[in-house]
Every structure is written in C-alpha cells, then in structure tokens.
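This report refers to the structure that appears directly beneath it.
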Amino acid sequence: MTALQPIHRAPKRSLWLEEALAAEPDAERVEPLRGAHRADVCVVGGGYTGLWTALRLKELDPALDVVLLEANLCGSGASGRNGGFALSWWPKLSTLVKLFGEAEALRLGHAAEASVAELGAFCLKHGIDAHFRQAGWLWTATTPLHLGAWEKGVRACEERGIAAFARLTPEEVATRAGSPIHVGGVWERCAATVQPALLARGLRRVAVERGVRVYERSPVTRLERSSPPIVRTPGGAVAAEKVVLATNAWAASLPELRRVIVPLSSDMVATAPMPERLAAMGWTGGECITDSRLMVHYYRTTRDGRIAIGRGSGALGYLGRVTPTFDGDARRAAVVERGLRRLYPTVADVPVTHAWAGAVDRSENGVPVFGRLDGAGRILYGVGFSGNGVAPSVLAGRILASSALDRRDEWSTSPLTRGPLARFPPEPIRFLGGLVVRMAVGRKEEAEQAGHQADALTRRLASLAPSGMQKGGNGDLAETPSANDGPGPASV
Ligand SMILES: Cc1cc2nc3c(=O)[nH]c(=O)nc-3n(C[C@H](O)[C@H](O)[C@H](O)COP(=O)(O)OP(=O)(O)OC[C@H]3O[C@@H](n4cnc5c(N)ncnc54)[C@H](O)[C@@H]3O)c2cc1C
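Written out as structure tokens, the structure is:
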C-alpha cells in the first residue's frame, strides 16, 4: 500500500482556467467517486497526460472501460496554468540521440513535431476552441552574452538536414518580438500557442463523449499494489487491470520516483488586454518567445491582446512535496513582472491583472520518463516533462495507452518506456544543493543582463545546475550559453 501525497485546492485560479470555467457554469457541479468500481484501466490525473491517455485508450479499443480520477477539476494542475507553448523536441535532438540513438531520436523528433499540428487538428475536429495558433517560436537573446545560445540545438538539426529553425537577423528578431532588447535569435516554424485550460477542458469533454468515466474532486489517497491494483479515494475505490499514474510533480513523493523527478514551480503573470499597444510595438504575428536565460522568461500574446509571461525558478519541492507555494507567491510574481517591464518598457503603464504558478516535474535530463512501478507491470506512469509537456503529452498518451494495453508497437517498445535513465542525488543534498546552485544562477544571469560576466565562483556553481533547465533540457553541464537546449519553465 502506498499513500499518495495530499493535494490541495489552489485559492486562486490562473487567467486561463478562470476564462475556461466562465464558459462552463456547471463545471463545479461534479459527482466525486463513490463506492467500489471495477475498470479495465484507471487513469489518475486529469491533465493533458491523463486525458490524452484516456482518449487514446478509447481510440484503440472503444469497448474498454476507462475511469479517470482527478483530485480537483480537470485542467486545474499544470495543464490549466502553463504558458501554452506547444513546442517540438527539435531543440533537444542531441540529448535524444545521446539517450536513444540516432534512429529513435529522429523518429521521436518527427513525431513530436507532428504532435503540434495534430493537437491543432484534434481541436478543429472536435470543436475545441483552444485558441490554437501555429505562428512559431522565437528563441532569442536579450543580452549579447547570450547570443548563440541556440547554436548547438540548431546545428544538431541542420547537420541532419532538418529545417526546423530559420536564422533571423537581429533586426528581424527585434521587430517580430516588438522590443529592441532582443538582440538576436532563431525562429522555430512548427511551434504553436494554445489557451491551455481551454485545451484541457476540451479534452475532458471529448473524453466524456467517448465514454471515459471522469470523476473530479476525487483525490487518490492510496494505491494498493494488489492483483488487480486498487486505488482509493475518500469516497470510493477502483480495482483496475491497469492503473496509469499521470500526476505530474505530485508523483515525486512515490518511493520509486523520488529521485527521478523534482517538483519545481514556474510563475506567470498576465497584463490587462492592450491590443492597440501590441500593434504599436509590432508584436502581432502570434509568435511565442523565450530569452536564453537558464531561469528562462517565456512570453506570448493572447487572443484578447494581453502579454502572458512566465519565469522558471520558483519553489523547489523538498522530498518531492508540492506545497501551497506552488500555486503562487507574491514575491516571485513581482520578479516575473520586473522581467516583463524590462523586456517591454513601453508598456510600463499597463497593469498586471493576473498572477499564478504551477508545478513542473523536472527530470534530470529534461526528457520525460515512462515506466512501470511494480514488478507485475500493472501500474504505469508518465512523468518528467520538465516544462515541455503541452505538445509532448500527445505522444505520452500514445505511449501510455499502448503500454497499458500491452500492445507491441513503436510507442510501447520505444526506449522512452524503459524507466529512468538518470537520477537526482538523494535528499537533503538535492534540496540544499539546488538552493545554492539556483542562487548562483540568479546572480550569474543578473550580471549577464547587466552586460558583464559574474565572478568565477558564481559561474562555477551555476554550471552545476541540472542541464537544460529550460524548455527542452539537454543533459549537458557546460556553463556556456551554447549548452542551452531550448526554453522551458523548469528551473534549478
Ligand atoms: C507555469 C507553468 C508553465 C508551463 N509552460 C509550459 C509551456 O509553455 N509549454 C509546455 O510545453 N509546457 C509547459 N509547462 C508544463 C506543462 O504544463 C506540463 O508538462 C503539462 O501540462 C503536463 O500535464 P500533466 O497532465 O502531466 O500534469 P497536470 O496538468 O499537472 O495534471 C496532473 C493532474 O493530476 C492531479 N493529481 C495529482 N495527484 C492526484 C491524486 N492523488 N489523485 C487524483 N488526481 C491527482 C492534479 O490535480 C492534476 O490535475 C508549464 C508548466 C507550468 C506549471
């Protein structure tokens, strides 16, 4: 028997969830799980990973009895709070090659790219207006010291004839990004943006339509590793042939995953709508943008003309705990707002109306981990998206559904499903080391933003940060900007 960590209800919603639930007056009127149930597959977690898995299961076998249990409302976790960047895995191609070999890395790269368009097509087909807009991603430098941060990732693609990135002139980058602070960058064509919570709620709707039995406000408190495995909530229980744990950072308290992922918060703020100001600054193309800091800033516009911006580097979960600070913190929000004002000084007068945060499940190498918890292989998990889960969760659904049904296809046999390939140090080393390194990264990046290098000790400590703390992490420990493997809301 394993106890799952308690999960609380966030006092404040993200801008995205607030908008999405405003269009669903009955969303809160849910029936939690009551009594004893049986199912073919029980999915725990109603974010993208759990919902895509449930949808794929029904696609593979419409007769399957699939139960999905969500502690709060579907989309109340990271899936309803994220930046909405639907990115490919091209920036992490060299990491994928290192981990899985050339052929599988390329297969995964192409599949991840296709998943962005697939996400858009799924929304179109099922009438989900999740504001999908495929306008690409600008990977930029906001200080000359970060120029070329993308080189390694871009070259890994170019050397293989993959035209994922376009090299832009500094002027083009500054014009498209709407601010001269952007001094260089590249553009990845296939990236898209979504309104994250509308996507999550839309997936939920389609899952229900396909016959998935969704129970919200049904936190799983205990997992019995019996045959069949049983999950228990305060009001009921489900005995299922297979259990799929899709609980993001909350899975970090499970003994097997304690050193595999670490919960990190990522913080976001959004301005009031200001479409005319965006038009004046020229940021009208819908591109999502990141800088090249390790504590990356990620920013995009919204359909109603806001800027929504986030920054990785918030709370660090001791012993894998996701505490209330992961929902938001005024001091961290103020830091994000300072970043916004520096990047876009011309909108200094436009107020910030929303601030929130969420939990990211950081894996050691930035690549998600899929595996089975028990020897009998009946309890599966998919975690470790490391701040890059919007589009990759489409693939996660395929991997987890195929694996749960014991099918033999390219998803269930991918080396991605072989469990953890890297682990963090044990506590308290991980937590204390993480704090020291994170402070050093902060000092280093402030110095760089001011136009000079940090001192040698600070640079040395910062270089110990888990690789690719950004969207896409790469597995390298080098301290040069070129070690960056793409942006991501994860952090030290
Ligand atoms: C602020 C922020 C910004 C981000 N920005 C981006 C971005 O721009 N692009 C990108 O690709 N990725 C981004 N990410 C990461 C992305 O949001 C996630 O990788 C993705 O949403 C993962 O989905 P998930 O289903 O695994 O997790 P979640 O959406 O967190 O779903 C897990 C669910 O499990 C539920 N749960 C947990 N424990 C239990 C339990 N015991 N019983 C029942 N239910 C339980 C939770 O309530 C939650 O709803 C960001 C994340 C954050 C926090």
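Just so you know, we're using the working numbering here: the sequence shown kicks off at 4 and counts up by one.
Here a beta-carbon is modelled for each residue, glycine too, at the ideal position from N, C-alpha and C.
| Item | Value |
| --- | --- |
| Does ligand 1 have a heavy atom nearer than 8 Å to the CB of C496? | Residue 496 lies beyond the range of the chain shown here (4 to 495); nothing can be said about it. |
| How many angstroms separate the CA atom of D364 from the CA atom of E27? | 29 Å |
| Please name the residue or residues paired with F168 in a DSSP beta bridge. | E191 |
| With DSSP collapsed to three states, give me the class of D330. | helix |
| Comparing the CB of A120 with every heavy atom of ligand 2, is any distance shorter than 8 Å? | Ligands in the displayed structure: ligand 1; ligand 2 is not one of them. |
| In terms of residue numbering, what span does the beta strand (DSSP E) encompassing S268 cover? | I264 to T274 |
| According to DSSP, is V209 part of a helix, a strand, or is it coil? | helix |
| Whose C-beta lies closer than 6 Å to the C-beta of R335 among residues of the same chain, with five residues either side of it excluded? | D270 and G317 |
| Let's test the definition: count the other Cβ atoms within 10 Å of the Cβ of L460 and tell me whether it reaches 16, buried, or not, exposed. | exposed |
| Taking Cβ to Cβ, would you say A23 is nearer than 9 Å to G83? | yes |
| Using C-beta distances below 7 Å, list every residue in its chain close to V339, excluding the 5 sequence neighbours before and after it, in chain order. | D270, M271, V272, I312, G313 and R314 |
| Give, in chain order, every unbroken run of the alpha helix (DSSP H) that is at least 4 residues long and sits entirely within the region 422–462. | 432–452 |
| Check R375 in the structure and name its three-state DSSP category. | strand |
| Express the C-alpha separation of T236 and A195 in angstroms, rounding to a whole number. | 37 Å |
| Would DSSP call L18 helix, strand or coil? | helix |
| Leaving out the 5 sequence neighbours to the left and right, which residues in its chain are closer than 7 Å to H11 when beta-carbon positions are compared? | P327 |
| Relative to the alpha-carbon of R401, which residue among L435, D64, S221 and L438 has its alpha-carbon at the smallest distance? | D64 |
| By the three-class DSSP mapping on this structure, what secondary structure does G38 have? | strand |
| For G385, which beta-bridge partners are listed by DSSP? | F373 |
| Please state if the CB of R324 and the CB of S499 are separated by a distance shorter than 9 Å. | Outside the displayed span of the chain (4 to 495) sits residue 499, for which this structure offers no information. |
| Since V440 and L408 are thought to touch, with beta carbons under 8 Å apart, how far apart are those beta carbons, to the nearest angstrom? | Not really, about 41 Å apart at Cβ, beyond 8 Å. |
| If you draw a straight line from the alpha carbon of D458 to that of K447, how long is it in whole angstroms? | 8 Å |
| With DSSP as the reference, please indicate the residues paired to L141 in a beta bridge. | W190 and I292 |
| Around the C-beta of R296, are 16 or more other C-beta atoms found within 10 angstroms, so that it is buried, or is it exposed? | buried |
| What residue ranges within the region 214–262 form continuous alpha helix (DSSP H) runs of no fewer than 4 residues, ordered along the chain? | none |
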